[in-house]
Amino acid sequence: MDDNATLSAADLLERNRELQSSRAIRLLAATNLSLYATLMERHCADGVVPETELVVRLERDLDDLGDPQSGIALIKSWAAQGWLHRIVDPRSDQNVCYLTQDARRALDFLRGMRRQDTLATGGSINGIASRLKQVAIRVGNDPARIRKSIEAEIAALHEELDELDNGARPEPDVTDAYDEARAIAMQMERLITDIGQYGSMIEQATAALDEPIDSNVAYRDRQRQMYADYQAAWDSQGRDSHRAFLRMINDPDQRAEFEADVAAVADALPALDPALRKVMAGFFELVGHQIDEVERIQQRCAQRVKRFTAFGTLEQSRGVARQLNEAIGAARNLLKSSLIDSRLDLELPLARHAISSVGALSFKIGDLSNPKPAKPAEGDVDLASFAALTTQVDAPAMSDMLNSAVARGAVSLPEAVAMVHNAYLGHVIVLWSWALKQPNEASPGSATVRFRSLDGKDREMAVPRLMFTEPISVGVTQ
Numbered sequence: 383m384d385d386n387a388t389l390s391a392a393d394l395l396e397r398n399r400e401l402q403s404s405r406a407i408r409l410l411a412a413t414n415l416s417l418y419a420t421l422m423e424r425h426c427a428d429g430v431v432p433e434t435e436l437v438v439r440l441e442r443d444l445d446d447l448g449d450p451q452s453g454i455a456l457i458k459s460w461a462a463q464g465w466l467h468r469i470v471d472p473r474s475d476q477n478v479c480y481l482t483q484d485a486r487r488a489l490d491f492l493r494g495m496r497r498q499d500t501l502a503t504g505g506s507i508n509g510i511a512s513r514l515k516q517v518a519i520r521v522g523n524d525p526a527r528i529r530k531s532i533e534a535e536i537a538a539l540h541e542e543l544d545e546l547d548n549g550a551r552p553e554p555d556v557t558d559a560y561d562e563a564r565a566i567a568m569q570m571e572r573l574i575t576d577i578g579q580y581g582s583m584i585e586q587a588t589a590a591l592d593e594p595i596d597s598n599v600a601y602r603d604r605q606r607q608m609y610a611d612y613q614a615a616w617d618s619q620g621r622d623s624h625r626a627f628l629r630m631i632n633d634p635d636q637r638a639e640f641e642a643d644v645a646a647v648a649d650a651l652p653a654l655d656p657a658l659r660k661v662m663a664g665f666f667e668l669v670g671h672q673i674d675e676v677e678r679i680q681q682r683c684a685q686r687v688k689r690f691t692a693f694g695t696l697e698q699s700r701g702v703a704r705q706l707n708e709a710i711g712a713a714r715n716l717l718k719s720s721l722i723d724s725r726l727d728l729e730l731p732l733a734r735h736a737i738s739s740v741g742a743l744s745f746k747i748g749d750l751s752n753p754k755p756a757k758p759a760e761g762d763v764d765l766a767s768f769a770a771l772t773t774q775v776d777a778p779a780m781s782d783m784l785n786s787a788v789a790r791g792a793v794s795l796p797e798a799v800a801m802v803h804n805a806y807l808g809h810v811i812v813l814w815s816w817a818l819k820q821p822n823e824a825s826p827g828s829a830t831v832r833f834r835s836l837d838g839k840d841r842e843m844a845v846p847r848l849m850f851t852e853p854i855s856v857g858v859t860q
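For the sequence shown, our numbering assigns the number 383 to the initial residue and increments by one for each residue that follows.
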């Protein structure tokens, strides 16, 4: 990646615009940031939480704070904004919630500002100089300097052993110990969030695979982009960190030694910040939640790749052909209802072949005056023809999720869209077409839902508050 100092003003402005549209920045710029951050940090920062339990916790705090919002409405709002994952756990068949990586980054930033975190402490310069010297010796090729450094370390270790044997071990410098412990705890707090970076990269690599494809060339380009993004994720530091943490967590000896070190630091440094102490004590558990999230992302990405490869160009061509046939049929019906068929004296041949005619068209202009201005069309949009988009989305998985929710009670169309992880326009249209087949009352009202477009930006559109009260049968819609 190019250094920002060498970028032009236009390129740097574009990169800053991309950051401004990110979910983390949007959370930091939210009007209710203080309320959202308080509730997220109290109830969602520790990992996966059952939705029913989270609703109870949120509403208890909202009542204490005098806020009239409901817990479920807040959860749906966070999910629509991309700050909260709201999915169905297949093991318990219940909704569970957990923060997205963008929300975690925003909370890390707020916690650091609240604690006034700083690395510029009294012992920081000595630690920087010591570590920098070690790196310089490792990468250098001066044998005399390397030997001198090793001999100095051996001498210092022998001196420490002699003091230990004589029972004259000096008291440690508590100030330096606190500085180092705080720096380590802050680094651990950031690592808990960054360990999911690999999952975010592979999520982004497959995010566009659910979008409809218009041509074989687009299918080829999207396939090449997917492989390029996967290769970038494979070569990233996030993947190396993910594998290293996975090995360490699964190694009982390393884990036991690490936990013993954490307990020793906690006992020796009682004045350490309670929040940082909590991070150190629950490090493995919190990293475990992040690794579980990466595995869930890998499963979703594998399903996307499977659908994308299985349907391929053949199914994509069939889908386009179906939509074209339906559009032609709709245009034919429109012509029948809009034009008056009357023969006239002049005939206009169409596509006349050199050997024989394949047909002719004749018409008569009854009114030679200027046509009247066009008026807006009236009536509802017929979404039945969009059912062909089920070939581009995971219709069986989405119908299973929706049927599980309907079994617990009626679900509105905006709520169904919010349940879909990383919804695209295809998901919204398919859900809308399904909802039209449900028994609904007239004039149900409308609500705004969010979805992602091919350029990676979030979009909004208004959809009616249609209700799902009956199970969905995917076979009927295809």
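Ideal Cβ positions, reconstructed from N, Cα and C, are used throughout, including at glycine.
May I have the straight-line CA-CA distance separating Ser724 from Glu708, to the nearest angstrom? Your numbering for residue 724 matches position 342 in the sequence shown. Your numbering for residue 708 matches position 326 in the sequence shown. Since pLDDT at Ser724 reaches only 41, below the 50 mark, its modelled position is unreliable, and the value read off the structure follows with that caveat. Rounded to the nearest angstrom, the gap between the Cα atoms of Ser724 and Glu708 is 27 Å.
By how many angstroms is the C-alpha of Leu546 removed from the C-alpha of Glu553? Residue mapping note: residue 553 aligns to position 171 of the sequence shown, counting from 1. Residue mapping note: residue 546 aligns to position 164 of the sequence shown, counting from 1. Distance between the alpha carbons of Glu553 and Leu546 is about 12 Å.
Taking 6 Å as the limit between beta carbons, can you name the residues of its chain near Ser531, skipping five residues before and five after? For the purposes of this step, residue 531 is identified with residue 149 of the sequence shown, where counting begins at 1. Excluding residues within five positions, the ones whose Cβ falls inside 6 Å are Ile519.
Complete runs of the alpha helix (DSSP H) confined to the segment 555–607 [at least 4 residues]: Counting whole runs of 4 or more residues, the segment 555–607 contains the alpha helix (DSSP H) stretches 556–576 and 579–588.
Whose C-beta lies closer than 6 Å to the C-beta of Leu728 among residues of the same chain, with five residues either side of it excluded? Locating residue 728 in the sequence shown gives position 346, counting from the first residue. The predicted model places Leu728 with a pLDDT of 42, which falls under 50 and marks its position as unreliable; any figure quoted below should be read in that light. So no residue of the chain qualifies.
From Leu415 to Leu795, what does the alpha carbon distance come to, in whole angstroms? For the purposes of this step, residue 415 is taken as the residue at position 33 of the sequence shown. For the purposes of this step, residue 795 is taken as the residue at position 413 of the sequence shown. Whole-angstrom Cα-Cα distance: 28 Å.
Which of the three DSSP states, helix, strand or coil, is assigned to Ser794? Numbered from 1 along the sequence shown, position 412 holds the residue referred to as residue 794. DSSP places Ser794 in strand when its eight states are reduced to three.
Who are the Cβ neighbours of Asp471 in its own chain at under 7 Å, not counting the five residues just before and after it? Residue 471 sits at position 89 when you count from the first residue of the sequence shown. For Asp471, where only same-chain residues beyond five positions count, the Cβ hits under 7 Å are Val478.
Among the residues of its own chain, which have a CB less than 7 Å from the CB of Val669, if the five just before and after it don't count? Position 287 of the sequence shown, counting from 1, holds the residue named residue 669. Excluding positions up to five away in sequence, the list reads Ile574, Ile577, Phe627 and Ile631.
In this structure, how does DSSP classify Cys479 when only helix, strand and coil are distinguished? As a first step, residue 479 is located in the sequence shown; it is residue number 97 there, counting from the start. Three-state DSSP puts Cys479 in a strand.
Is the Cβ-Cβ distance between Arg790 and Ala462 less than 7 Å? The count along the sequence shown starts at 1 and reaches residue 790 at position 408. The count along the sequence shown starts at 1 and reaches residue 462 at position 80. Not a contact, by the Cβ cut-off of 7 Å.
Can you tell me which residues form a DSSP beta bridge with Asp840? Indexing the sequence shown from 1 puts residue 840 at position 458. Per the DSSP secondary-structure output, Asp840 pairs in a beta bridge with Arg834.
Neighbour-count burial assignment, Val521, 16 or more Cβ in a 10 Å radius: Against the sequence shown, residue 521 aligns to sequence position 139. Flag for Val521 reads exposed.
From Val599 to Gly453, what distance separates their C-alpha atoms? Position 217 of the sequence shown, counted from the first residue, corresponds to residue 599. Position 71 of the sequence shown, counted from the first residue, corresponds to residue 453. Near 46 Å, if we compare the C-alpha coordinates of Gly453 and Val599.
How is Asp471 classed by DSSP in three states: helix, strand or coil? Position 89 of the sequence shown, counting from 1, holds the residue named residue 471. Of the three classes helix, strand and coil, the one that applies to Asp471 here is strand, per DSSP.
Cβ neighbour criterion (16 or more within 10 Å) applied to Ser691: For the purposes of this step, residue 691 is identified with residue 309 of the sequence shown, where counting begins at 1. For the record, residue 691 in the displayed sequence is Thr; it is not Ser. Looking at its Cβ environment, which holds fewer than 16 other Cβ atoms inside 10 Å, Thr691 is exposed.
Residue nearest to Ala590 in terms of C-alpha spacing, selected from Gly448, Asp603, Gly581 and Asp649: As a first step, residue 590 is located in the sequence shown; it is residue number 208 there, counting from the start. Looking at the Cα atoms, Asp603 is the closest of the given residues.
To the nearest angstrom, how far is the alpha carbon of Ile407 from that of Thr588? Position 25 of the sequence shown holds residue 407. Position 206 of the sequence shown holds residue 588. Their Cα atoms are separated by approximately 23 Å.
Just grab the DSSP bridge partners of Phe850 for me. Working through the sequence shown from its first residue, we reach residue 850 at position 468. Val793, per the DSSP bridge assignment.
When you compare each of Gly664, Val676 and Met568 to Gly620 by their alpha carbons, which one comes out closest? Looking up residue 620 in the sequence shown gives position 238. Ranking the options by Cα distance to Gly620, first place goes to Val676.
Nearest candidate by alpha-carbon position, reference Ala798, set Tyr806, Ala787, Leu807 and Gly808: Taking the first residue of the sequence shown as 1, we reach residue 798 at position 416. Minimum Cα distance to Ala798 is reached at Ala787.
Where does the unbroken alpha helix (DSSP H) through Pro652 begin, and where does it stop? As a first step, residue 652 must be located in the sequence shown, where it is residue number 270. Pro652 -> no alpha helix (DSSP H), and no H or E assigned at all.
What residues in its chain sit with their C-beta under 7 Å from that of Ala817, if we drop five residues either side in the sequence? The count along the sequence shown starts at 1 and reaches residue 817 at position 435. Around Ala817: Leu795, Leu848 and Phe850.
Ile595 to Arg841 span [Cα, whole Å]: Numbered from 1 along the sequence shown, position 213 holds the residue referred to as residue 595. Numbered from 1 along the sequence shown, position 459 holds the residue referred to as residue 841. If you take the alpha carbons of Ile595 and Arg841, they lie about 19 Å apart.
Count the other C-beta atoms from every protein chain shown that fall within 10 angstroms of the C-beta of Met495, then say buried if there are 16 or more, exposed otherwise. For the purposes of this step, residue 495 is taken as residue 113 along the sequence shown, with counting starting at 1. Classification for Met495: exposed.
According to the neighbour-count rule (16 or more other Cβ atoms, all chains shown, within 10 Å of its Cβ), is Val517 buried or exposed? Translated into the one-based positions of the sequence shown, residue 517 becomes position 135. Label assigned to Val517: exposed.
Figure out for me which residue from Ser828, His809, Tyr806 and Met783 has the closest Cα to the Cα of Ser474. Translated into the one-based positions of the sequence shown, residue 474 becomes position 92. Nearest option by C-alpha distance: Met783.
Exposure of Ile584, with buried meaning 16 or more beta-carbon neighbours within 10 Å: Taking the first residue of the sequence shown as 1, we reach residue 584 at position 202. Here Ile584 is buried, its C-beta having at least 16 other C-beta atoms within 10 Å.
With a threshold of 16 other CB atoms inside 10 Å of the CB of Ala733, please say whether the residue is buried or exposed. Residue mapping note: residue 733 aligns to position 351 of the sequence shown, counting from 1. Any reading at Ala733 must be qualified, since the residue scores a pLDDT of 43, below 50, and its modelled position is unreliable; the value itself is stated next. Looking at its Cβ environment, which holds fewer than 16 other Cβ atoms inside 10 Å, Ala733 is exposed.
Looking at the strands, I want to know which residues DSSP matches up with Tyr806. In the sequence shown, counting from the first residue as 1, residue 806 sits at position 424. In the DSSP output, where bridge partners are listed per residue, Tyr806 has Arg834.
Between the C-alpha atoms of Ala446 and Val437, what's the straight-line distance to the nearest angstrom? To locate residue 446, count along the sequence shown from 1; it is residue 64. To locate residue 437, count along the sequence shown from 1; it is residue 55. For the record, residue 446 in the displayed sequence is Asp; it is not Ala. Distance between the alpha carbons of Asp446 and Val437 is about 14 Å.
Would you list the one or two residues that DSSP bridges to Pro432? The sequence position of residue 432 within the sequence shown is 50, counting from 1. Paired residues: Val478.
If Ala567 and Val431 are in contact, beta carbons under 8 Å, what's the gap, nearest whole angstrom? On the sequence shown, position 185 is the one that residue 567 refers to. On the sequence shown, position 49 is the one that residue 431 refers to. Rounded, the Cβ-Cβ distance is 24 Å, inconsistent with contact.
Ala550 to Glu541 span [Cα, whole Å]: Taking the first residue of the sequence shown as position 1, residue 550 is located at position 168. Taking the first residue of the sequence shown as position 1, residue 541 is located at position 159. Going by the C-alpha atoms only, they are around 11 Å apart.
Run of the alpha helix (DSSP H) containing Pro525, from where it starts to where it stops: For the purposes of this step, residue 525 is taken as the residue at position 143 of the sequence shown. Looking at the DSSP string, the run of the alpha helix (DSSP H) that includes Pro525 is Pro525 to Asp547.
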